[in-house]
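*Asks:*
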Amino acid sequence: MKPSRTSNTLTRLRLISQSAFAVFCLIVGYQFYRFYLWATGASPDIALRPPAVEAFLPLGALVSLKRLVLSGEFDAIHPAGLAIFLAALFLGLFLRKGFCGWICPIGFASNLAEKIGRKMRILMIPPRWIDLPLLSLKYLLLGAFAWLILWNMNLQELTAFHLSPYNMISDAKMLHFFLEPSRLAGGIMLALVALSFLMKNPWCRYLCPYGALLGLLAIFSPLQVQRDRNLCIDCKRCEAVCPSSIKITARKTVRNSECIGCLECLPVCPQQECLKLSLYGRTVSPLILPTLVIGLFLLFWGAARLTGHWQSRIPPETFRHYYQQVQTIGHP
Ligand code: SF4
Ligand code: SF4
Ligand code: SF4
Numbered sequence: 007m008k009p010s011r012t013s014n015t016l017t018r019l020r021l022i023s024q025s026a027f028a029v030f031c032l033i034v035g036y037q038f039y040r041f042y043l044w045a046t047g048a049s050p051d052i053a054l055r056p057p058a059v060e061a062f063l064p065l066g067a068l069v070s071l072k073r074l075v076l077s078g079e080f081d082a083i084h085p086a087g088l089a090i091f092l093a094a095l096f097l098g099l100f101l102r103k104g105f106c107g108w109i110c111p112i113g114f115a116s117n118l119a120e121k122i123g124r125k126m127r128i129l130m131i132p133p134r135w136i137d138l139p140l141l142s143l144k145y146l147l148l149g150a151f152a153w154l155i156l157w158n159m160n161l162q163e164l165t166a167f168h169l170s171p172y173n174m175i176s177d178a179k180m181l182h183f184f185l186e187p188s189r190l191a192g193g194i195m196l197a198l199v200a201l202s203f204l205m206k207n208p209w210c211r212y213l214c215p216y217g218a219l220l221g222l223l224a225i226f227s228p229l230q231v232q233r234d235r236n237l238c239i240d241c242k243r244c245e246a247v248c249p250s251s252i253k254i255t256a257r258k259t260v261r262n263s264e265c266i267g268c269l270e271c272l273p274v275c276p277q278q279e280c281l282k283l284s285l286y287g288r289t290v291s292p293l294i295l296p297t298l299v300i301g302l303f304l305l306f307w308g309a310a311r312l313t314g315h316w317q318s319r320i321p322p323e324t325f326r327h328y329y330q331q332v333q334t335i336g337h338p
């Protein structure tokens, strides 16, 4: 069966969305690198610090979120990090793991590696008895962070961490980690990259606590992929392309916390109207999901900018003062 126009549009739209956010992140990364060089004294050229780099500080954002709930105070040091975290949580709750499927550049890189691995015929599907225990790892990591931050830290401790020099330079620490990794960290990163060609999305599937949190929220999402049992011919094409290895044919409704809302399963189904996107049980156009994911994410970004919750209140000179101690400042 020929793919419909909507199906082609979906595939193209996902590629455009993921590529655009990936390119944006590369530009942000380069800008931040230039700022880092200036702030650490390695370059005389002044560069602006891009706030979007804070998207890569999810643990700091979790601390900020709890502080926001307990004190009503929005993070003034890494406000963009908290704004992006709130946007991702909101998307998770209403639009499945749309953040993973349409925005996150790590998910995009992971998808690309999977496709290359498939083309090279080196992609392996681990047996269920290995896959299932590995799947629990990211939830264990999430549980550990939730226990440490949400359960154990009171407002005083949260504020002490928030105001610590370590928090101030956490983005510089992250960059320093990638620029000069220890042998062990470098080996683990290389192994993960290599594994991404051999297995489906090992980082996202087994280790990312951010994705685990979004997946738990997505269980309550009103948007779901639905399968019509009467029309299904059990060809399993949907399962073959699903990046999350979901047993779609075993379900009528995909409520699985692993579903990233990529909608890759829809265009490959040879039976018209067999696989559909539903909102509160009613069939809706699949284009609704990406439109809302991208639109709402940009809306959060615009709202954060307009309300002054995007740009850090810390002057560049203060960042510079602390960045110069990036090697010596440790966790509080
Ligand atoms: S699981 Fe983590 S790394 Fe993967 S796409 Fe989702 S947020 Fe990004
Ligand atoms: S079930 Fe469909 S929408 Fe969900 S992850 Fe699999 S392919 Fe993507
Ligand atoms: S691709 Fe469609 S017909 Fe084939 S197994 Fe999946 S839902 Fe059934």
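First residue of the sequence shown? That's 7 in the working numbering, and the numbers climb one at a time after it. By construction, the Cβ of each residue, glycine as well, lies at the ideal position given by its N, Cα and C atoms.
Please tell me whether, using a cut-off of 6 angstroms, the distance from the CB of Glu-120 to the nearest non-hydrogen atom of ligand 2 is below it.
*Replies:* To locate residue 120, count along the sequence shown from 1; it is residue 114. Not so, every heavy atom of ligand 2 lies at least 6 angstroms from the Cβ.
*Asks:* Take the Cβ of Ile-252 as the centre, count every other Cβ of all protein chains shown within 10 Å, and call the residue buried at 16 or more, exposed below.
*Replies:* For the purposes of this step, residue 252 is taken as residue 246 along the sequence shown, with counting starting at 1. Its Cβ being crowded by 16 or more others within 10 Å, Ile-252 is buried.
*Asks:* Using a Cβ-Cβ cut-off of 7 angstroms (strictly less than) and excluding sequence neighbours within five positions of Pro-56, which residues of its own chain qualify?
*Replies:* Here residue 56 refers to the residue found at position 50 of the sequence shown. Here the set comprises Val-34, Gln-37, Phe-38.
*Asks:* Put Arg-40 into one of helix, strand or coil per three-state DSSP.
*Replies:* As a working mapping, residue 40 is identified with position 34 in the sequence shown. DSSP places Arg-40 in helix when its eight states are reduced to three.
*Asks:* Flag Gln-230 as yes when its Cβ comes closer than 6 angstroms to any non-hydrogen atom of ligand 3, and as no otherwise.
*Replies:* The residue labelled residue 230 in the question sits at position 224 within the sequence shown. No; taking the cut-off as 6 angstroms, the Cβ of Gln-230 has no heavy atom of ligand 3 nearer than that.
*Asks:* Run through DSSP, which three-state label would Leu-63 get?
*Replies:* Residue numbering aside, residue 63 sits at position 57 when the sequence shown is read from its first letter. Of the three classes helix, strand and coil, the one that applies to Leu-63 here is coil, per DSSP.
*Asks:* Would you call Tyr-329 buried or exposed, if buried means 16 or more other Cβ atoms sit within 10 Å of its Cβ?
*Replies:* Position 323 of the sequence shown, counting from 1, holds the residue named residue 329. Classification for Tyr-329: buried.
*Asks:* Please list the segments of the alpha helix (DSSP H) lying wholly inside the stretch 223-299, counting only runs of 4 or more residues, in order along the chain.
*Replies:* The stretch 223-299 contains these whole alpha helix (DSSP H) runs: 243-247, 271-274.
*Asks:* Can you tell me the Cβ-Cβ gap for Ile-239 and Cys-248, rounded? I've got them flagged as a contact below 8 angstroms.
*Replies:* Counting from 1 along the sequence shown, the entry for residue 239 is found at position 233. Counting from 1 along the sequence shown, the entry for residue 248 is found at position 242. Rounded, the Cβ-Cβ distance is 17 angstroms, inconsistent with contact.
*Asks:* If contact is defined by three or more beta carbon pairs under 8 angstroms, each pair taking one atom from either stretch, is the stretch 46-66 in contact with the stretch 168-185?
*Replies:* yes
*Asks:* Taking the continuous alpha helix (DSSP H) assigned at Lys-125, which residues delimit it?
*Replies:* As a position in the sequence shown, residue 125 is number 119, starting the count at 1. For Lys-125, the uninterrupted alpha helix (DSSP H) segment begins and ends at 111-125.
*Asks:* Would you say the beta carbon of Ala-239 is closer than 6 angstroms to some non-hydrogen atom of ligand 3?
*Replies:* By one-based count along the sequence shown, residue 239 stands at place 233. In the sequence as presented, Ala is not what sits at residue 239; that position holds Ile. Ile-239 Cβ: within cutoff of ligand 3.
*Asks:* Please return the same chain residues whose Cβ sits closer than 7 angstroms to the Cβ of Leu-203, not counting the five positions on each side in sequence.
*Replies:* As a working mapping, residue 203 is identified with position 197 in the sequence shown. Residue 203 is actually Phe in this sequence, not Leu. Closer than 7 angstroms at the Cβ level, and outside the excluded window around Phe-203, lie Ala-119, Ile-122, Gly-123, Ile-128.
*Asks:* Contact between the stretch 308-318 and the stretch 19-35 is defined here as three or more beta-carbon pairs at a separation below 8 angstroms; is this criterion met?
*Replies:* no
*Asks:* How big is the Cα-Cα spacing for Glu-264 and Pro-273?
*Replies:* Stepping through the sequence shown from its first residue, residue 264 is reached at position 258. Stepping through the sequence shown from its first residue, residue 273 is reached at position 267. When rounded, the distance between both Cα atoms is 19 angstroms.
*Asks:* Whole angstroms is fine: what's the gap from Met-7's alpha carbon to Ile-294's?
*Replies:* Counting from 1 along the sequence shown, the entry for residue 7 is found at position 1. Counting from 1 along the sequence shown, the entry for residue 294 is found at position 288. Residue placement at Met-7 is poorly supported in this model, since its pLDDT is 47, which falls under 50; the coordinates still yield a value, given next. Roughly 24 angstroms between the two C-alpha positions.
*Asks:* Is the CB-CB distance between Gly-267 and Lys-103 below 7 angstroms?
*Replies:* As a first step, residue 267 must be located in the sequence shown, where it is residue number 261. As a first step, residue 103 must be located in the sequence shown, where it is residue number 97. In this structure, Lys-103 lies closer than 7 angstroms to Gly-267 by Cβ.
*Asks:* Shortest alpha-carbon distance to Arg-73 belongs to which of Gln-162, Ile-109, Leu-54, Val-59?
*Replies:* Here residue 73 refers to the residue found at position 67 of the sequence shown. When only C-alpha atoms are compared, the closest one is Gln-162.
*Asks:* Can you tell me whether Gly-66 is buried or exposed, with buried defined as 16 or more other CB within 10 angstroms of its CB?
*Replies:* Walking along the sequence shown from the start, residue 66 turns up at place 60. Label assigned to Gly-66: buried.
*Asks:* Could you tell me whether the Cβ atoms of Leu-63 and Leu-269 are closer together than 7 angstroms?
*Replies:* Counted from its first residue, the sequence shown places residue 63 at position 57. Counted from its first residue, the sequence shown places residue 269 at position 263. Their beta carbons are not under 7 angstroms apart, which means Leu-63 does not touch Leu-269 by this criterion.
*Asks:* Looking at the unbroken alpha helix (DSSP H) that takes in Leu-190, where does it start and where does it end?
*Replies:* Position 184 of the sequence shown, counted from the first residue, corresponds to residue 190. Per DSSP, Leu-190 belongs to the alpha helix (DSSP H) from 189-204.
*Asks:* Work out the CA separation of Leu-219 and Phe-151 for me, nearest whole Å.
*Replies:* The sequence position of residue 151 within the sequence shown is 145, counting from 1. The sequence position of residue 219 within the sequence shown is 213, counting from 1. Going by the C-alpha atoms only, they are around 11 angstroms apart.
*Asks:* Grab the span of the alpha helix (DSSP H) containing Arg-326 for me, first residue to last.
*Replies:* Locating residue 326 in the sequence shown gives position 320, where the first residue counts as 1. Segment 322-329, the alpha helix (DSSP H) holding Arg-326.
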